[in-house]
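Q: So the protein lines, in turn, are chains A and B. FYI, my numbering numbers position 202 of the first sequence as 202, with every residue one higher than the one before it. FYI, my numbering numbers position 163 of the second sequence as 1163, with every residue one higher than the one before it.
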Amino acid sequence: MTLSWRHALAVWRRNATMYRRTWSWNILPNFFEPVLYLVSLGVGLGAYITTMGGTSYIQFLAPGLVCVAAMNGASFEVTYNVYVRMNIEKAYDAMLTTPIQPVDVVAGELLWSMTRSCVYGLCFALVVAVAGLAPLPQALWVLPVIPLTGLLFSAIGLAFTLRIATIELYSFYFTLFLTPLFLFSSVFFPLEERLSASWLWVAECLPLLHPVRLARAAFFGPASPALLWDVFYILGLSTVLVAYAVRLMRRKLTL
Amino acid sequence: MIVEVSGVTKRFGERVAVDKLTLNVPQGVCFGLLGPNGAGKTTTLRMIYGVTLPTTGQVRVFGMEVSRNVRAVRRRLGVTLQQNVLIETLSPRANLNIFGRYHLMDGAGLAQRVEELIDFMELRSHADVPVDKLSGGYQRRLAIALSLMNRPELLILDEPTTGLDPAVRLALWSRVRELRSQGATVLLTTHYMDEAQRLCDTVAIMSNGDIMAQGAPEDLIERHLARQAVEIEATPAQEQGLLHGLGVSPPRCRLGNRVMVYLDDPAALLDRIRRLSGIGARAMAVRPTDLEDVFLFLTGTSLEDNP
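1) If we ignore side chains and look at the alpha-carbon of each, how far apart do T98 (chain A) and L208 (chain A) end up?
2) Would you call V1248 (chain B) buried or exposed, if buried means 16 or more other Cβ atoms sit within 10 Å of its Cβ?
3) By the three-class DSSP mapping on this structure, what secondary structure does S185 (chain A) have?
4) State the CB to CB distance for the pair R1140 (chain B) and V1168 (chain B), rounded to an integer number of angstroms; the pair is presumed to be in contact (CB under 8 Å).
5) Closest Cβ-Cβ distance between I100 (chain A) and chain B: below 8 Å?
6) Would you mind telling me which residues of chain B sit closer than 7 Å to D93 (chain A), beta carbon to beta carbon, in chain order?
7) Kindly list the residues whose CB is nearer than 6 Å to the CB of E77 (chain A), restricted to its own chain and excluding five residues on each side of it in sequence; keep chain order.
8) Would you verify that the beta carbon of L1104 (chain B) is, or is not, closer than 8 Å to some beta carbon of chain A?
9) Can you pull the chain B neighbours of M86 (chain A), defined as C-beta to C-beta under 8 Å?
10) Pull up the distance between the alpha-carbon of R1060 (chain B) and that of T1009 (chain B), whole angstroms please.
11) Can you pull the chain B neighbours of M1 (chain A), defined as C-beta to C-beta under 9 Å?
12) Does G1013 (chain B) pass the burial test, meaning 16 or more other C-beta atoms within 10 Å, or should it be called exposed?
13) Could you pull out every residue in the same chain whose Cβ sits closer than 8 Å to the Cβ of T974 (chain B), ignoring the five residues on either side in sequence?
14) Would L1076 (chain B) and L1154 (chain B) be called neighbours here (beta carbons separated by less than 8 Å)?
15) Run down chain B in chain order and give the residues with a C-beta less than 7 Å from the C-beta of T17 (chain A).
16) From the DSSP output, in three-state form, read off L96 (chain A) for me.
17) Using the Cβ count rule (16 or more neighbours within 10 Å means buried), how would you classify S1207 (chain B)?
18) Tell me which residue opens and which closes the beta strand (DSSP E) that Y1262 (chain B) is part of.
19) What three-state label does DSSP hand S4 (chain A) in the structure shown?
20) On the DSSP bridge list, what partners appear for T55 (chain A)?
21) Using Cβ-Cβ distances below 9 Å, what residues of the stretch 1050 to 1064 of chain B are close to chain A?
22) From P144 (chain A) to A62 (chain A), what distance separates their C-alpha atoms?
23) Per DSSP, what are the beta-bridge partners of P147 (chain A) in this structure?
24) On the criterion of 16 or more Cβ atoms from any shown chain inside 10 Å, does P1325 (chain B) qualify as buried, or is it exposed?
25) Considering only C-alpha positions, which residue in the set B:P1054, B:F1297 and B:P1130 is nearest to A1229 (chain B)?
26) Using 8 Å as the threshold, is the stretch 1045 to 1056 of chain B in touch with the stretch 1107 to 1122 of chain B, meaning 3 or more CB pairs across them?
27) With DSSP as the reference, label F1062 (chain B) as helix, strand or coil.
28) Whose Cβ in chain B lies nearer than 9 Å to the Cβ of T97 (chain A)?
29) Taking the CB atoms as reference points, tell me whether L133 (chain A) and S238 (chain A) lie closer together than 8 Å.
30) Any beta-carbon of chain A closer than 8 Å to the one on R1015 (chain B)?
31) Which partner residues of Q1214 (chain B) appear in the DSSP bridge assignment?
32) Taking the C-alpha atoms as reference points, what is the distance between E1218 (chain B) and E1159 (chain B)?
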């Protein structure tokens, strides 16, 4: 069954309507997380670090944390929120009594979680810009990186959500997947510099590393063609996972 | 025909949920699928609105093969699920607005339809109260209102009144009758005999994934049993003693120590029970035969005894 964008948009609008009611106390904790890291590590720890990657430590942190904000925005949406809508509220069962199809549900949910991801990423990018940590206008190149990050982590999280049987498994997802990504994906230090040549491939496997590399290049350059590999990685992995998610959703909703 | 189910089987692994089922629903009737839980009613409905694919066989709705025209079919039908799916923190009005968008309705057209449905389902007094503050009856009204959003030609109701109090059931029945009189075809499942008898033009009795009998409620009673049911408390031996010498062998069903005997004229039997009081059998009640009796007779099990 082919995708109907208008029906996907109806799914998106349902989420947007619900979010509008609660956004003010929903957005704050998630938004402040990267701000706190920026202040604590950038200002606090940064005082003991002369430079990193050729910039001040707080400037080094800024682009990576934009990606972290986008990752968090997407991840919360496609994990707990989708799980509740699907398995507890049974919202998709109601949608499937209308012309909406499983593929529209996946598209609508991805669009929505990318929307949230952009809200978080953009808010944080604004903080970074206002703090004078973003070299403008070049740093505006980070804007397309935010939805790419959102897409990647929406696809990963949605596939995970469609695979798990109980909500408890999210503690694994957050503690053993997202937290290590957060810590080792060159957000806080250049991972590649700490790995010996024979282990460099490990870095390439980390999904968050690719958006971080793009974001940092957006801030400080250089615009190397090697960055195309990062774009390709993000789009390629997302495509595979979205296709997988559509299959899982179809099986789950239409037995 | 609005719905044509032809030779449909649905297996979930080893379990056969629907077994070579054939079912036709003509336009403008209220059609009831009657049966205990696990008989395959919900699976049948799910195949009709296209969220479950038959393992074998064909389902056509509005003349279209459902599996190949899911969107086109669902545009023209409405479904009330067995469990209400409502957004609990939102009001009925907000729920209706969101649901209307699933049908790609918007703007003034949607706003007008929402108000019509609020009036039709008598939700006006509670239109802006959060759903989690509403009684079960109002929540059910809203669930049905949602399924009417697109002015469905076919309305599918999965156990519309289960768990509701009698007043609410009567109110909902009147709404269903109203819809049918406006030309909609209604397909409902129920395990309430009175609901089937009072609401449906045609009922199909389902058991173990297949239809045992089908027809107008009165016809089913007449065809399989008789107009009156005499309930007697008697052991099988006492039953033999009573019926022997009655001259006829009426249809009957046994539930434990209770036996139901179906007769158009029960006078002779009642007379025998009175005269042969030494046997120890005792007449419990004489009442009109209902669909529950037909079900019991055809399946050998009581609806209520089934889990």
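We put the CB at the ideal spot given by N, CA and C, even for glycine. Bear in mind the structure is a predicted one, so any value in this text is a computation, not a measurement.
A: Let's see:
1) Our two residues, T98 (chain A) and L208 (chain A), have alpha carbons roughly 37 Å apart in a direct line.
2) exposed
3) In this structure, S185 (chain A) counts as coil in the three-state DSSP scheme.
4) Yes, they are in contact, since the Cβ atoms of R1140 (chain B) and V1168 (chain B) sit about 7 Å apart, within 8 Å.
5) So yes, I100 (chain A) belongs to the interface.
6) Near D93 (chain A) (Cβ distances below 7 Å), the residues of chain B are L1081 and V1085.
7) S113 and R116
8) yes
9) Ordered by position in chain B, no residue passes the 8 Å Cβ test against M86 (chain A), which lies about 11 Å from the chain.
10) 14 Å
11) V1070 and R1071
12) exposed
13) In the structure as shown, chain B begins at 1001 and stops at 1307. Residue 974 (chain B) is therefore absent and cannot be evaluated.
14) According to the sequence provided, residue 1076 (chain B) is Arg. The question's Leu does not apply to it. Yes. Within cutoff.
15) I1098
16) DSSP places L96 (chain A) in coil when its eight states are reduced to three.
17) Classification of S1207 (chain B): buried, given that the 10 Å Cβ count is 16 or more.
18) R1258 to L1263
19) coil
20) A:M52
21) Residues of the stretch 1050 to 1064 of chain B with a C-beta less than 9 Å from any C-beta of chain A: G1050, V1051, T1052 and L1053, listed in chain order.
22) 16 Å
23) Partner(s): none; P147 (chain A) has no beta bridge.
24) Chain B is shown only over 1001 to 1307; residue 1325 (chain B) falls outside these bounds and no answer can be derived.
25) B:F1297
26) The stretch 1045 to 1056 of chain B, when compared against the stretch 1107 to 1122 of chain B, does not touch it at the 8 Å Cβ threshold.
27) Of the three classes helix, strand and coil, the one that applies to F1062 (chain B) here is coil, per DSSP.
28) Y1049, V1051, R1074, L1077, G1078, V1079, T1080, L1081, V1085, Y1102, L1146, S1147 and I1156
29) no
30) no
31) B:A1204
32) 22 Å
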